[in-house]
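See the structure below:
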């Protein structure tokens, strides 16, 4: 099963970029990297995913290293509403099942 | 509805009671997943359905936990003879299925066993 390593917590100043790292050294060749975030009392919310290339959407950017063993989620201009637990994971190539670790608690400060 | 719907939102049970938690996935979604989330922890995988077939139940913690999806849409997670350690948020997620498809999560059912 997938196993990822993330720092337990990070702080970021409001308006600055938040860069959240993740190591996923056990990722298989056809497994996507997914990032989700969870705000208290809600289910995890999808942010972004990618296979090999860097990806960008309206929420964030995802940078995946060439060897695919690590990635970085970038929130370009963090707001107070981005305070949440951020989970990095990779999906089973057969089922799409995601295994979540402990995640990174991001605290955006004014 | 537009998203994954779970009910009830909160459930309080006395130890030893049976409970049933319901999940309405997004219409047309083939895959359905159940997760258990203890306070302060990440979601833990319980079981996975593809349509009505339960293809993976490796995460179910004991034989007191049972899940079904008889018609390939709505799913029910049943916990028999609840114990205090079953207290957690139970999350349901659905997806179109297959590689590269994202999971959509419901808000969960918070179960408290007294």
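Chains as they are written, first to last, in our numbering: chain A, 925 to 1034; chain B, 262 to 375.
Beta carbons: idealized from backbone N, C-alpha and C, even for Gly.
Only a predicted model underlies this, so the values are computations on that prediction, with no experimental measurement involved.
request  = Using a Cβ-Cβ cut-off of less than 9 Å, give me the residues of the region 935-961 of chain A that come near chain B, in sequence order.
outcome  = Residues passing the 9 Å Cβ filter: 954, 955, 956, 958, 960.
query = If we cut at 8 Å on Cβ distances, does residue 970 of chain A have a partner in chain B?
reply = Using a Cβ-Cβ cut-off of 8 Å, residue 970 of chain A counts as an interface residue toward chain B, since at least one Cβ of chain B sits closer than that to its own.
ask   = Starting from residue 998 of chain A and walking both ways along the beta strand (DSSP E), at which residues does that stretch end?
value = Per DSSP, residue 998 of chain A belongs to the beta strand (DSSP E) from 994-999.
message = On the CB-based measure, 16 or more other CB atoms within 10 Å of its CB, does residue 299 of chain B come out buried or exposed?
response = Classification for residue 299 of chain B: exposed.
task = Starting from the beta carbon of residue 964 of chain A, find every residue of chain B whose beta carbon is closer than 8 Å, and list them in chain order.
result = Proximity of chain B to residue 964 of chain A at the Cβ level (cut-off 8 Å) is not reached, the minimal Cβ distance being about 11 Å.
request  = Can you tell me which of A:979, A:976, A:958 puts its alpha carbon nearest to the alpha carbon of residue 969 of chain A?
outcome  = Nearest option by C-alpha distance: A:958.
query = Looking at the C-beta of residue 352 of chain B, does it have a partner C-beta in chain A at a distance below 8 Å?
reply = Interface with chain A (8 Å Cβ-Cβ cutoff): residue 352 of chain B is included.
ask   = What did DSSP end up calling residue 344 of chain B once you bin it into helix, strand or coil?
value = Residue state, collapsed to three classes: coil.
query = Straight-line CA distance for residue 985 of chain A to residue 1027 of chain A?
reply = Straight through space, the alpha carbons of residue 1027 of chain A and residue 985 of chain A are spaced by roughly 18 Å.
task = Could you run through the region 1004-1032 of chain A and flag, in chain order, every residue whose CB is less than 7 Å away from some CB of chain B?
result = For the region 1004-1032 of chain A, the set of positions with a beta-carbon nearer than 7 Å to some beta-carbon of chain B reads 1011, 1017, 1019, 1020, 1021, 1022, 1023, 1024, 1025, 1026, 1027 in chain order.
request  = In the DSSP assignment, find the beta strand (DSSP E) that holds residue 310 of chain B and state where it starts and stops.
outcome  = Judged by DSSP secondary structure, residue 310 of chain B falls within the beta strand (DSSP E) whose first and last residues are 305-311.
N- and C-terminal bounds of the beta strand (DSSP E) containing residue 963 of chain A = Premise fails: residue 963 of chain A is in no beta strand (DSSP E) and is neither H nor E.
task = Starting from the beta carbon of residue 363 of chain B, find every residue of chain A whose beta carbon is closer than 8 Å, and list them in chain order.
result = Neighbours of residue 363 of chain B in chain A, taken as residues at a C-beta separation under 8 Å, are given in chain order as 958, 970, 973.
ask   = Can a CB atom of chain E be found closer than 8 Å to the CB of residue 287 of chain B?
value = No chain E appears in this structure, whose protein chains are A and B.
request  = Please confirm if residue 309 of chain B has its CB atom under 8 Å from at least one CB of chain A.
outcome  = Cβ-Cβ to chain A under 8 Å: yes for residue 309 of chain B.
request  = Kindly say whether residue 269 of chain B, judged by its beta-carbon, lies nearer than 8 Å to any beta-carbon of chain A.
outcome  = Answer no: the Cβ-Cβ gap between residue 269 of chain B and chain A never drops below 8 Å.
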